Amino acid sequence: MPLLDAQESHPPEPICNIVTPVGMLGYGFNEQQTAAALSRLVPSGTPTAIILDSGSTDSGPEKLALGIMTCPPAAYARDLTKLVRLVIQFRVPLMFSSAGGDGSDTHVQEIMAVIKEIMSADEYTDVQLKTIAIFAGIDKTLVKERLRNGQISGCGRYVPQLTEEDIEESSNIVAQLGPEPFVDAMIENPDFDIIVGGRAYDPSPYVAYAAFNSQAQLHNASRDEKQKIYGAFTHLGKIMECGGQCAKPKSHGAVGTLYSTGEFDISPLDPAAACTTLSVAAHTLYEKTRPDILHGPGGYLDLSRSKYMQMSDDRTVRVLGSSFHFSEDDDLPYTVKLEAALVVGYRTMFMGSIRDPILISQIDQLIARIKEYVGIQHVDTSERWKVDFHVHGRNTDEIFLVGEALADTQALATSIASTARIATMHGPYKNQKATSGNFAFGIGGKLEVEAGPCAEFSVYHLMELQPGEERLHPTPRTSSAPAIDSAGERLMIKHRVEVVGRGKRLSATQPSSSPKKQAVNLSANNATKVPRPASVSNQVSSTPAKLGDLASVLRSKNAGPYEITFDVIFESEDIYARVKSSGMLSQESVAAAFGLQVDQIIWCGFFDVALAFKFTIPRIRGGRAVAAGGFMENDVHGSQQYLPLFNMELLV
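With UniProt numbering, letter number 628 in the sequence shown gets 628, and the count goes up by one each step, no holes.
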């Protein structure tokens with residue numbers, strides 16, 4: 001097993017510090033904890049930045065298809081108001097990517113508008129900020145050309161083959177940018193204050209800021225040295241983009257320090273939490289198909305030789321041994337992941353409960369008759385439609401039923417749902433005694449709920465780039481929207497530089513005088529003294545009978561839209577070794593538990609450094625592999641799929 005603890009050596013030379021207040025912009029964060037970290041780090045003179053993520057496909061395809069954002073505008077305004085205040089108070093840059101959730105060009109501009117609105121407040125009349133917007137929108141003509149040339153492939157075994165129809169019907173297409181456009185933007189504008197990025201690989205801003213602050217070292221580095229240095233940059237970004245998820249207990253934010261030796265330190269912002277060697281090592285299990293090899297733009301991160309050292313404060317972990325392997329070193333093209341979604345119809349739902357034990361025992365038969373009845377009532381309808389049911393609480397005293405209709409128009413979807421609701425209320429069944437009605441309904445005062453357009457993922461594919469296309473395309477400094485290249489010959493990643501505010505440019509060499517009202521006042525003691533956290537232990541049963549009784553963490557989560565991954569983490573090496581040697585966890589056992597064939601398992605194995613077992617399977621609905629979201633989705637995160645694993649009987 002790789003070493004988890006080692007003697008703390010002389011501190012290496014730091015490259016930069018990165019503070020991540022929260023894993024997702026718009027979710028809210030603790031401003032005082034963030035300010036405390038900055039007040040400790042900034043006086044050291046080491047370059048320091050605030051970096052965080054702002055997007056994901058985790059919550060489904062609606063953002064890409066419908067142009068909605070992950071959070072309401074008020075949530076972004078709340079968080080950005082705090083962040084702008086910290087930028088000005090501490091003279092540190094702010095970077096985030098995947099603006100608005102999907103990172104579309106429109107959402108980049110909408111988030112920029114929020115920042116401009118914040119800077120128009122009276123308290124900022126004497127300061128300006130230099131902002132950079134980076135756009136990730138991809139022209140459909142280019143994508144279709146690369147598809148015809150055989151330069152596009154599915155991102156995963158169960159992603160369907162892309163068609164030109166998929167491309168054309170998609171609302172818009174974005175690419176997960178690598179770190180290169182961010183680095184180029186910083187080199188061109190080293191005095192920037194804020195970068196608002198479009199869709200990007202989650203670690204990209206982290207890698208970029210570290211690379212920007214180590215240009216001289218990287219220029220003279222050998223291939224092996226670059227792999228080591230970029231391995232640390234990327235591994236740190238992979239952990240910190242989730243904020244304090246890597247701590248025990250998990251918390252909002254984290255702080256990281258990168259070193260010239262290819263090492264990094266990480267600790268939580270919350271003084272009541274701690275990073276441990278196991279909690280940090282285990283983080284690469286989270287949302288990943290596999291924990292050791294993580295592919296991204298331009299290569300892959302190899303964690304098979306990573307080591308984790310607990311530092312003397314008992315809450316910081318140092319990581320070393322990670323490496324990033326560049327595609328070009330293996331004569332492979334640079335690839336980026338494309339994402340898009342489309343509208344497949346309109347949905348209407350109805351919901352309520354059934355308590356009659358006679359009916360509950362026949363619920364499947366009733367549902368079949370309801371579907372038949374709806375079909376009879378719409379026999380003359382030429383438009384497409386379908387209806388199905390979510391049944392929550394089978395074999396209990398009360399079940400909750402949600403009927404979901406999908407149709408070409410909203411009016412037809414509502415007609416389908418209404419007909420199904422009536423059949424649910426009044427449909428007969430064997431041995432019926434309660435003849436006044438079958439269905440308790442009326443939640444929210446609605447008979448049916450029109451859910452609007454139904455979205456599905458249409459593009460989740462890798463596209464090969466030509467040399468240099470991964471870099472930022474020079475554009476004029478203008479406040480207008482970026483022109484999209486329509487030639488379809490080369491990818492051109494656009495950006496826009498703009499100074500916002502009405503005062504003078506923010507200068508890192510002058511003492512802070514803005515904003516006029518400081519919301520965060522920290523004494524030196526508050527900023528520097530951090531109490532040692534109490535030990536945190538997840539409850540493990542003293543008389544375990546099932547795997548869930550024995551594991552300290554047992555969870556499921558989507559690993560991209562087409563996969564669900566499962567993690568089982570144990571608290572002690574003894575328990576882990578006994579489970580591993582027992583043979584109870586294998587491809588065969590998990591396939592049987594989830595009703596799959598062994599060849600459907602995407603990845604399965606033990607991860608010694610985290611005392612963990614992991615496997616990944618396709619997302620299955622209605623007996624076929626599907627993407628997250630869309631018609632009949634009921635667990636878009638995949639976070640409630642672990643029970644067959646939890647209930648496995650122990651052989652230990």
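Even glycine gets a Cβ: it sits at the ideal position worked out from N, Cα and C. Quick caveat: nothing in here was measured; it's all calculated off a predicted structure.
Anticipated Cβ contact below 8 Å, residue i with residue j, distance rounded
| i | j | result |
| --- | --- | --- |
| isoleucine 167 | valine 626 | Not confirmed; about 20 Å, so no contact. |
| residue 655 | leucine 86 | Outside the displayed span of the chain (1 to 652) sits residue 655, for which this structure offers no information. |
| serine 260 | glutamate 13 | 5 Å |
| valine 568 | alanine 455 | Incorrect: roughly 33 Å between the Cβ atoms, too far for contact. |
| isoleucine 18 | tyrosine 308 | Not confirmed; about 18 Å, so no contact. |
| glutamate 123 | leucine 147 | No, glutamate 123 and leucine 147 are not in contact; Cβ-Cβ is about 51 Å, not under 8 Å. |
| methionine 648 | leucine 547 | 4 Å |
| histidine 461 | glycine 154 | 6 Å |
| threonine 276 | glutamine 310 | 7 Å |
| aspartate 202 | glycine 256 | About 14 Å; that fails the 8 Å criterion. |
| glycine 638 | asparagine 558 | 4 Å |
Pick from the options that is closest to residue i, judged by C-alpha positions
| i | options | result |
| --- | --- | --- |
| threonine 381 | Asp224, Leu412, Gln365 and Gly403 | Leu412 |
| aspartate 193 | Ser304, Ser582, Pro291 and Val497 | Val497 |
| tyrosine 562 | His495, Thr261, Lys614 and Asp635 | Asp635 |
| phenylalanine 441 | Ser353, Arg305, Pro474 and Gln161 | Ser353 |
| residue 664 | Phe439, Ala455, Lys130 and Cys242 | Only positions 1 to 652 of the chain appear in this structure, which leaves residue 664 out of reach. |
| glutamate 169 | Ile569, Ala341 and Arg146 | Ala341 |
| arginine 369 | Val114, Ala559, Pro205 and Thr419 | Thr419 |
| proline 268 | Lys226, Leu285 and Arg315 | Arg315 |
| serine 204 | Gly231, Pro618, Pro249 and Ser153 | Gly231 |
| leucine 142 | Thr20, Gly154, Glu464 and Ala628 | Glu464 |
| serine 572 | Gly560, Ser552, Ala591 and Ser582 | Ser552 |
| residue 657 | Gly55, Gln89 and Asn149 | Past the edges of the chain, shown from 1 to 652, lies residue 657, and the structure says nothing about it. |
| lysine 446 | Thr414, Asn172 and Ser171 | Thr414 |
| tyrosine 27 | Ala35, Leu80, Pro47 and Leu38 | Leu80 |
| phenylalanine 613 | Pro428, Phe400, Val579 and Phe457 | Val579 |
| glycine 605 | Pro618, Ile620, Gly623 and Gly583 | Gly583 |
Residue i and residue j closer than 9 Å at C-beta
| i | j | result |
| --- | --- | --- |
| alanine 417 | glutamate 448 | yes |
| alanine 247 | serine 97 | no |
| alanine 99 | glycine 178 | no |
| arginine 347 | alanine 423 | no |
| aspartate 397 | proline 357 | yes |
| tryptophan 385 | histidine 378 | yes |
| valine 42 | valine 92 | yes |
| valine 108 | valine 196 | yes |
| methionine 240 | threonine 20 | yes |
| lysine 82 | glutamate 31 | yes |
| glycine 244 | aspartate 224 | no |
| alanine 282 | leucine 645 | no |
| lysine 337 | proline 297 | yes |
Between the CA atoms of residue j and residue i - distance to the nearest angstrom
| i | j | result |
| --- | --- | --- |
| methionine 69 | serine 222 | 42 Å |
| histidine 325 | phenylalanine 233 | 12 Å |
| arginine 505 | asparagine 189 | 13 Å |
| leucine 303 | alanine 216 | 26 Å |
| aspartate 549 | threonine 543 | 8 Å |
| leucine 554 | tryptophan 603 | 17 Å |
| residue 678 | tyrosine 76 | Nothing in the structure corresponds to residue 678, since the chain is present only between 1 and 652. |
| residue 654 | leucine 491 | Absent from the structure is residue 654, since the part of the chain shown begins at 1 and ends at 652. |
| leucine 596 | glutamine 587 | 10 Å |
| tyrosine 300 | valine 387 | 43 Å |
| phenylalanine 439 | lysine 430 | 16 Å |
| proline 106 | glycine 501 | For clarity, residue 106 is threonine in the given sequence; the question names proline instead. Roughly 22 Å separates the two Cα atoms. |
| alanine 483 | isoleucine 493 | Confidence in alanine 483 is poor, its pLDDT being 42 and thus under 50, which makes the residue's placement too unreliable to answer from. |
| serine 306 | asparagine 395 | 47 Å |
| valine 114 | valine 84 | 11 Å |
| glycine 437 | leucine 359 | 11 Å |
| isoleucine 15 | leucine 218 | 12 Å |
| proline 181 | glycine 468 | 11 Å |
| phenylalanine 566 | leucine 258 | 30 Å |
| threonine 284 | alanine 451 | 36 Å |
| leucine 399 | isoleucine 363 | The question names leucine, but residue 399 in the sequence shown is isoleucine. About 9 Å. |
| leucine 401 | phenylalanine 389 | 7 Å |
| glutamate 328 | glutamine 89 | 42 Å |
| threonine 435 | glycine 630 | 36 Å |
| tyrosine 642 | serine 361 | 26 Å |
| proline 290 | valine 280 | Note on identity: in this sequence residue 290 is arginine, with proline being the wrong assignment. Roughly 16 Å separates the two Cα atoms. |
Any non-hydrogen atom of the ligand SAM within 8 Å of residue i CB
| i | result |
| --- | --- |
| phenylalanine 182 | As for the ligand SAM, it is missing from this structure, which has no ligand bound. |
Exercise. Along the chain, which unbroken stretches of the alpha helix (DSSP H) at least 4 residues long are found entirely within the UniProt domain "DUF4387" (547-649)?
Worked result: Whole alpha helix (DSSP H) segments, 4+ residues: 547-550, 573-582, 587-593 and 643-646.
For this session: Mind listing, in chain order, the continuous alpha helix (DSSP H) runs of no fewer than 4 residues lying wholly within the region 120-196?
Result: 140-148, 164-169 and 180-188
Exercise. Taking only runs of the alpha helix (DSSP H) that begin and end inside the region 387-436, which ones reach a length of at least 4 residues, in chain order?
Worked result: Runs found: 410-426.
Exercise. What alpha helix (DSSP H) runs, 4 residues minimum, are completely inside the region 245-320?
Worked result: 277-281
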